[in-house]
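Undergrad: I'd like to ask some things about the structure below.
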Amino acid sequence: MLACVSYDANQSVTRAAALTRSLSWVRERVPYSQSNCYHNEWGTYRTDCSGFVSMAWGLRMSYTTDTLDQVSHPIARADLRPGDALLRPGHVALFIGWEDAAQTQPRVREEAGPDGAPAREGPWSQSYAATYTPVRYDNIVEGSVPRNATDGSDIDGDGEADLLGLKPDGALFYYHNDGTADGHPFSGSGTQIGTGFGVFDWINGADISGDGSADLLARKPDGSLWYYGNNRSHNAGGVPFAGSGTQIGSGFDTFTRLDAADIDGDGAADLLGLKANGSLFYYHNDGTADGHPFNGSGTQIGTGFGVFDWIDGADVSGDGSADLLARKPDGSLWYYGNNRSQNPGGVPFAGTGTQIGSGFAAFDRLRAADLSGDGSADLVARKPDGSLWYYGNNRSHNAGGVPFTGSGTQIGTGFDVFTELT
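Following our numbering, the residues of the sequence shown are numbered contiguously, the last one being 580.
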């Protein structure tokens, strides 16, 4: 069978890398064929099921379903983790996660045919999945799935959230997280990276594409949703979000709050929407390249959230899937753990939540993102006087794992010039 290209050796890849690599073919809608090769930044591989998994794992050539056992080993179904695979004679698919709480219906990425059909992501039924053997790549590097960029505006992809600010005149500014220990990660006055963004009433930095760097989502008052890909590698000075953006949806003016966060832990940010009646909706990022990652009308995943004046999805627990933070007008801060693996239908944020703080009414802007780069979301907050404050995620030091204890640390001034911070 066609091998396409032979490389020197099989690579060692992290689970994060396997998911990022596999998502590239889904987004590029690579058509199925056993007689063609496809080249992108991850190499050149045969465009069938085993070529797809070979690419995701960084193998030295396009293996077949008969030879993948040379580089992998069987594991228990209960041990499946994102980046493993499901294999049987004639077909293989990359495991992304579980679709249901009982862990019987896997979500996979695959090249499944017929000829010309694009690479896809979707769920398998329990009966179909039962005909496959779970396998693990011998050179997989254990670790969590991608999470830093999906939790906030990690523009440069270094694992530490940066900061975006929108001025009333539509100018967009970028503050690089310089990683210093002086308590001021966003030093200086920022860099202007765009104009004309005043047409939007909401912006959010999040990794929609799953490549490890934050893109930009924005909504116009008419409810249209727009996407600006992070194209900094193609632009002079590394400026992201160049161009006029792409409309990827409509009707999002029905939501009073929106937030992008990786709910299912697959490395690409999903979308949460809060309606005025308190119902919470979830839009799965389906990874397609048709320009509409948030297809359909969304799925209602909760009620009663109208008691909050702010919500933000972020990986507070550090497990690779976004949790939910929410604030009430009285300043109390609430935490909803992502318990989708324990609930029918994989619904996250079930339960009444846990109060984890008070006094947060002093802030007019809040944003949860991993500033420290440790894999768990911290909290950034702005007061009306323009002072910027940082609450580190110190859950490992506190009884009950409560994060953001203490009075916070001031890390900047003058941020009242922005109408939006993300």
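Backbone N, C-alpha and C define an ideal beta-carbon position, used for all residues, glycine too.
#1: According to DSSP, Ile233 sits in a beta bridge with which residue or residues?
#2: Alpha carbons only, please: which of Gly503, Pro502, Ile459 and Leu537 is nearest the one belonging to Arg485?
#3: Alpha carbon to alpha carbon, how far is Pro247 from Trp215?
#4: Taking the beta carbon of Asn435 as the centre, do at least 16 other beta carbons fall within 10 Å, making it buried, or is it exposed?
#5: Helix, strand or coil for Trp384 per DSSP?
#6: So for Gln458, helix, strand or coil by DSSP?
#7: Return the chain-ordered ranges of every beta strand (DSSP E) run that is complete within the region 533 to 567 and spans a minimum of 3 residues.
#8: Cα separation between Asp422 and Asp428?
#9: Tell me which same chain residues have a C-beta within less than 7 Å of the C-beta of Leu324, skipping the five on either side of it?
#10: With the cut-off set at 8 Å, would you say Val474 and Ala535 are in Cβ contact?
#11: Between which two residues does the alpha helix (DSSP H) carrying Leu238 extend?
#12: Quick check on Asn556: buried or exposed, where buried means 16 or more other Cβ atoms within 10 Å of its Cβ?
#13: Could you give the C-beta distance for Met213 and Val163, rounded to a whole number, given that I count them as a contact under 8 Å?
#14: Between Gly503 and Gly489, what straight-line distance do the alpha-carbon atoms span, to the nearest angstrom?
#15: Applying the 10 Å Cβ sphere with the 16-neighbour rule, what's the burial state of Ala539?
#16: For the alpha helix (DSSP H) that contains Ala508, what are its first and last residues?
#17: What residue does the alpha helix (DSSP H) around Arg498 start on, and which one ends it?
#18: Would the region 170 to 182 count as touching the region 218 to 236 if we require 3 or more Cβ pairs under 8 Å?
#19: Note the first and the last residue of the continuous beta strand (DSSP E) segment covering Ala174.
#20: When the Cα of Ala511 is compared with those of Asn501, Arg498, Tyr494 and Arg415, which residue comes out closest?
#21: Is the beta carbon of Asp470 sitting closer than 8 Å to the one on Leu432?
#22: Which ranges would you report for the alpha helix (DSSP H) in the region 321 to 405 if only whole runs of at least 4 residues count?
TA: Put simply:
#1: What you label residue 233 is simply residue 75 of the sequence shown in a count that begins at 1. Its beta-bridge partners do not exist; DSSP assigns none.
#2: Walking along the sequence shown from the start, residue 485 turns up at place 327. Comparing Cα-Cα distances from Arg485 to each of Gly503, Pro502, Ile459 and Leu537, the minimum goes to Leu537.
#3: Mapped onto the sequence shown, residue 247 falls at position 89. Mapped onto the sequence shown, residue 215 falls at position 57. Computed Cα separation, rounded: 19 Å.
#4: Within the sequence shown, the letter at position 277 stands for residue 435. Asn435 is exposed by the Cβ-count criterion.
#5: As a first step, residue 384 is located in the sequence shown; it is residue number 226 there, counting from the start. Under the three-state reduction of DSSP, Trp384 is assigned to strand.
#6: Within the sequence shown, numbered from 1, the residue matching residue 458 stands at position 300. The answer is strand: DSSP assigns Gln458 an E or B state.
#7: 536 to 540 and 546 to 549, all fully within the region 533 to 567.
#8: By 1-based counting over the sequence shown, the position of residue 422 is 264. By 1-based counting over the sequence shown, the position of residue 428 is 270. Taking the straight line joining both Cα atoms gives about 8 Å.
#9: Along the sequence shown, read from residue 1 onward, the residue named residue 324 stands at position 166. Taken in chain order, the residues that qualify are Leu330, Phe355, Ile361, Phe576, Thr577 and Glu578.
#10: As a working mapping, residue 474 is identified with position 316 in the sequence shown. As a working mapping, residue 535 is identified with position 377 in the sequence shown. In contact: Val474 and Ala535 (Cβ atoms closer than 8 Å).
#11: Here residue 238 is taken as the residue at index 80 of the sequence shown, counted from 1. Segment: none, Leu238 is in no alpha helix (DSSP H) and carries neither H nor E.
#12: As a first step, residue 556 is located in the sequence shown; it is residue number 398 there, counting from the start. Flag for Asn556 reads exposed.
#13: Numbered from 1 along the sequence shown, position 55 holds the residue referred to as residue 213. Numbered from 1 along the sequence shown, position 5 holds the residue referred to as residue 163. About 11 Å; that fails the 8 Å criterion.
#14: Numbered from its first residue, the sequence shown carries residue 503 at position 345. Numbered from its first residue, the sequence shown carries residue 489 at position 331. For Gly503 and Gly489, the distance between alpha carbons rounds to 32 Å.
#15: Within the sequence shown, the letter at position 381 stands for residue 539. Buried, because 16 or more other Cβ atoms sit within 10 Å of the Cβ of Ala539.
#16: Position 350 of the sequence shown holds residue 508. No alpha helix (DSSP H) holds Ala508; DSSP gives it neither H nor E.
#17: Here residue 498 refers to the residue found at position 340 when the sequence shown is read from its first residue. Per DSSP, Arg498 belongs to no alpha helix (DSSP H) and is neither H nor E.
#18: no
#19: Position 16 of the sequence shown, counted from the first residue, corresponds to residue 174. Element bounds for Ala174: not the beta strand (DSSP E) but the alpha helix (DSSP H), Arg173 to Arg185.
#20: Counting from one through the sequence shown, the residue named residue 511 turns up at place 353. One detail in the question is off: residue 511 reads as Gly in this sequence, not Ala. Of the candidates Asn501, Arg498, Tyr494 and Arg415, the one whose C-alpha sits nearest the C-alpha of Gly511 is Tyr494.
#21: Here the question's residue 470 lines up with position 312 in the sequence shown. Here the question's residue 432 lines up with position 274 in the sequence shown. With contacts defined as CB atoms closer than 8 Å, Asp470 and Leu432 fail to qualify as a contacting pair.
#22: none
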